[in-house]
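For the sequence shown, the numbering used here gives the first residue as -18, with consecutive numbering after it. I have placed the structure first, in the form of structure tokens, so that the comments after it can refer back to it.
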Amino acid sequence: MTNHNHTRSIDRPIVVVGLGSIGRRHLQNLYALGQRRLIAVTRGTSPLPADELPPHQTEETLAAALKHDPIAVLVCNPTALHLSTALEAAAAGCHLFLEKPVSHQLGGVEQLVAIAVEKNLLVQV
């Protein structure tokens, strides 16, 4: 019987934008799946004690996190910021996972689709 190890770290970091309850859950799940290069973008402090979050680097802005050449960005910040965050990450060539809804308005969604198609990015909502 072959033992398939499905927990391995990707060489490039994965960014989680927003450390509310869902962002923290994604950060913990990524770590449990073997991802060790994690960057959280948060302007505040997490209500969880540091020992309840997996090891991760913290940046105050997405622009700062993008300087680390991440492979993907998980958009977990407030809904009103989803689209602008996704557009910035997609423009930088990052695959995207967006918490729903994509946005609180339709303006800009077509632009996100166009960037994703042009750059051959995976986008999941």
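Just so it is clear, CB atoms sit at the ideal spot from N, CA and C, and this is done for glycine as well.
| Item | Value |
| --- | --- |
| In DSSP terms, what A53 is bridged to | I(-5) and H76 |
| Coil, strand or helix - E40 by DSSP | strand |
| Top-ranked residue by Cα proximity to L103, from A67, N58, A46 and D(-8) | A67 |
| Closest by C-alpha distance to I3, when choosing among P59, L77, H76 and C75 | P59 |
| DSSP state of V22 mapped onto helix, strand, coil | strand |
| Residues near D61 in its chain [Cβ-Cβ closer than 7 angstroms; skip 5 each side] | Note that residue 61 corresponds to Ala in the displayed sequence, not to Asp. Excluding positions up to five away in sequence, the list reads H85. |
| Candidates V94, G89, L87 and R6, of which the one nearest L77 by Cα | V94 |
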